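Have a look at the structure below, then the notes.
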Amino acid sequence: MSKSKVLPHVVSEEPIIAWRMWQAVAVLNLFSDDIVYRLRAVSKHTEWKPRITLKADCFALVSSLAKSSNRQVSVHLIGFKHQVPDIYCRCGIYALRTKEKLFNYFTGMKMDPAKPWTVVSANERGILPDRIMGCTVFGQVSLWGEIIEGEDGYRAEYAYPYDLTVLADDRRIADSLREQYQVDTRIELSQAHH
Ligand SMILES: [Zn+2]
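Whatever position you read off the sequence shown (first residue = 1), add 1 for my numbering.
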């Protein structure tokens, strides 16, 4: 995605359907005392809240505030306040055009989507203080609002999962995600995605 050439942006009335990957992480629901599963982004761990539209933020702004001596070029170019996503920035909610491009992307990052992973950090907000097994989830995602189209996919202003596929033999995770996000959720055990 980083090498994608930038095409003119579109403002989409109708959602565009694209492909994404997430991590399903266990969180303790303090009201019911149950463990529920939530989606978060694989790279920046952005939390995708259930039944709430995710709106893109500009991480160039965040990182420039954190390291003011090392501001990103994009901040100099377009300033702190800009439409997210902006054609000269790298912000926005990323999604790839096809399922094949999605799996190629993660294979290229030496990540095996079918391999369960373990949450190691105990200090992240909402995550239980033990080592909790999570799993990788992929699926289609609805994108709308301002959308920048690249060679392999999109950067969007708004997004919400369209359907989910859990890459683990764990019905609790699938049932919890379906109940939380109110979208079709299934389990896929085969590793033959390609
Ligand atoms: Zn930006």
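For each residue, glycine too, the CB sits at the ideal point set by N, CA and C.
The structure presented is a predicted model; accordingly, all values stated were derived computationally and were not measured.
Going straight from the alpha carbon of residue i to that of residue j, what length do you get?
| i | j | result |
| --- | --- | --- |
| Val184 | Asp176 | 11 Å |
| Gln24 | Asp87 | 26 Å |
| Arg200 | Asn30 | The first residue shown for the chain is 2 and the last is 195, placing residue 200 beyond what the model contains. |
| Thr137 | Glu158 | 24 Å |
| Val11 | Thr99 | 19 Å |
| Pro150 | Glu180 | The question names Pro, yet the displayed sequence has Glu at residue 150. Roughly 32 Å between the two C-alpha positions. |
| Asp113 | Lys82 | 37 Å |
| Cys92 | Tyr106 | 18 Å |
| Tyr163 | Trp49 | 13 Å |
| His194 | Arg187 | Because the pLDDT of His194 is 47, which lies under 50, any placement of that residue in the model is unreliable, and the question is left without a value. |
| Asp171 | Ile36 | 14 Å |
| Leu168 | Tyr182 | 17 Å |
| Phe32 | Thr47 | 23 Å |
| Cys90 | Arg173 | 39 Å |
| Glu147 | Lys111 | 31 Å |
| Ile94 | Phe104 | 17 Å |
What do you reckon, are the CB atoms on residue i and residue j nearer than 7 Å?
| i | j | result |
| --- | --- | --- |
| Leu141 | Ile18 | Just to set this straight, residue 141 is Gln in the shown sequence, not Leu. Going by C-beta atoms, Gln141 is nearer than 7 Å to Ile18. |
| Val1 | Gly135 | Not covered by the structure: residue 1. The range shown for the chain is 2 to 195. |
| Phe139 | Thr166 | yes |
Can you name, in chain order, every residue of its own chain whose Cβ lies under 6 Å from the Cβ of residue i, other than the five neighbours on each side?
| i | result |
| --- | --- |
| Arg21 | Ala96 and Val142 |
| Tyr161 | Thr54 and Ser143 |
| Lys102 | Asp153 |
| Trp145 | Ser13, Pro16 and Tyr159 |
Kindly identify the DSSP beta-bridge partner or partners of residue i.
| i | result |
| --- | --- |
| Glu101 | According to DSSP, which records beta bridges pairwise, Glu101 is partnered with nothing at all. |
| Tyr38 | Ala27 |
| Glu150 | Tyr155 |
| Val167 | Val138 and Ile188 |
| Ile94 | Ala157 |
| Ala256 | Absent from the structure is residue 256, since the part of the chain shown begins at 2 and ends at 195. |
| Leu178 | The partner list for Leu178 (beta bridge, DSSP) is empty, contrary to what the question assumes. |
Under 7 Å Cβ to Cβ from residue i, same chain only, skipping five residues before and after it: list those, please.
| i | result |
| --- | --- |
| Val43 | Met22, Trp23 and Gln24 |
| Asp34 | none |
Within the same chain, show all residues whose beta-carbon is closer than 8 Å to that of residue i, passing over the 5 residues directly before and after it, in chain order.
| i | result |
| --- | --- |
| Lys45 | Phe60 |
| Glu189 | Thr166, Val167 and Leu168 |
What whole-angstrom Cβ distance do residue i and residue j have, given they're in contact under 8 Å?
| i | j | result |
| --- | --- | --- |
| Ala57 | Val85 | 5 Å |
| Pro51 | Arg39 | 7 Å |
Hey, is residue i's beta-carbon within less than 7 Å of any beta-carbon in chain D?
| i | result |
| --- | --- |
| Met110 | This model lacks chain D altogether; it includes just one protein chain. |
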